[in-house]
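Visitor:
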Amino acid sequence: MKWVRPGHPEYDETRRLFNAMIDRRPAVIAPCADPEGVAEALAYAKTHGLDVAVRAGGHSVAGMSMNNGGLVIDVRPMKSARVDPEARTATVGAGLTCGEFDRATQEYGLAITGGRVSTTGLAGFTLGGGSGWLERAFGFACDDLVSVDLVTAGGEQVTASAQENPELF
Ligand SMILES: Cc1cc2nc3c(=O)[nH]c(=O)nc-3n(C[C@H](O)[C@H](O)[C@H](O)COP(=O)(O)OP(=O)(O)OC[C@H]3O[C@@H](n4cnc5c(N)ncnc54)[C@H](O)[C@@H]3O)c2cc1C
3 MKWVRPGHPE YDETRRLFNA MIDRRPAVIA PCADPEGVAE ALAYAKTHGL
53 DVAVRAGGHS VAGMSMNNGG LVIDVRPMKS ARVDPEARTA TVGAGLTCGE
103 FDRATQEYGL AITGGRVSTT GLAGFTLGGG SGWLERAFGF ACDDLVSVDL
153 VTAGGEQVTA SAQENPELF
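Sequence positions in the sequence shown follow the working numbering and run 3 to 171.
(1) Give me the residue from 129, 19, 50 and 27 with the minimum Cα distance to residue 8.
(2) Are three or more beta carbon pairs between the region 158-166 and the region 111-122 nearer than 8 angstroms?
(3) For residue 108, does the three-state DSSP call read helix, strand or coil?
(4) Let me check understanding here. Comparing Cα to Cα, which of 136, 76 and 89 lies closest to residue 15?
(5) Reducing DSSP to helix, strand and coil, say where residue 73 ends up.
(6) Going by DSSP, what residues sit across from residue 24 in a beta bridge?
(7) I'd like to confirm the pairing. Which residues does DSSP put opposite residue 123 in its beta bridges?
(8) Does the region 90-108 come close enough to the region 44-54 that 3 or more CB-CB pairs lie under 8 angstroms?
(9) Opposite residue 40 in the DSSP bridges: which residues?
(10) Under 8 angstroms, with one C-beta from each stretch per pair, do the region 68-86 and the region 22-38 reach the 3-pair mark?
(11) Less than 8 angstroms between the CB atoms is what I'm expecting for residue 59 and residue 80, so what's the real figure, rounded?
(12) Which first and last residues belong to the beta strand (DSSP E) in which residue 86 is found?
(13) Provide the residue(s) that pair with residue 239 in DSSP beta bridges, ordered along the chain.
(14) Answer yes or no: the CB of residue 10 versus the heavy atoms of ligand 1, is any distance below 7 angstroms?
(15) Considering only DSSP beta bridges, list what residue 163 is partnered with.
(16) Tell me whether the beta-carbon of residue 121 lies closer than 8 angstroms to the beta-carbon of residue 101.
(17) Residue 72 and residue 55 - do their beta-carbons sit closer together than 8 angstroms?
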């Protein structure tokens, strides 16, 4: 894990949010490239008694994805995007922005209800419901969510869908 702490050359850039009025200084930022990295970061936070925030696109106006003195899980390195045009589904990493998602799906003439600003994180957007230009015809972004592979606060990797762990989904 590349831990980003105060004094690290990428510290200020990594903690910057869309709302520049939020100026928080976490003790450590963990850029996570895979679920194992997320689990490692959570274990570190537990060992050191640190509060945890999760940061994707950084568009939370209230700054929910950044903290003071805690650990921030930065999911932006998870940028994978795989589109299955026959199933009309996409499997994407938690770090994708709405714009990056659109680029991947538009190649096949497919779309979901996306955000009005392309730099919004797709995960944070969808977790919040996801309201956009296509919603009157196709519903919110969360209506198109099929399944999520996630890491629980306890560090366990689980899948949540209508069939698997439906209460979590
Ligand atoms: C300029 C602007 C325009 C906007 N336009 C729209 C719009 O058109 N439609 C709309 O619906 N909303 C809109 N929003 C609101 C935006 O969609 C939400 O704030 C959304 O939660 C931002 O997601 P993010 O990943 O960019 O932000 P972040 O700040 O990174 O994350 C937002 C929240 O989601 C949590 N989170 C993110 N990723 C994960 C993850 N992988 N696992 C667990 N928790 C996670 C974070 O901890 C945080 O609490 C807009 C916001 C801004 C600033």
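Don't be surprised by glycine CBs; every beta carbon is placed ideally from N, CA and C.
Keep in mind it's a predicted model, so treat the numbers as computed, not measured.
Guide: According to the structure data:
(1) 27
(2) no
(3) helix
(4) 76
(5) strand
(6) Answer by DSSP bridge pairing: none, since residue 24 is not bridged.
(7) 99
(8) no
(9) Bridge partners of residue 40: none, in fact.
(10) yes
(11) At roughly 12 angstroms, the Cβ-Cβ gap does not stay under 8 angstroms, so residue 59 and residue 80 are not in contact.
(12) 83-86
(13) What the structure shows of the chain is the stretch from 3 to 171, and residue 239 is not part of that stretch, so it cannot be assessed.
(14) no
(15) 149
(16) yes
(17) yes
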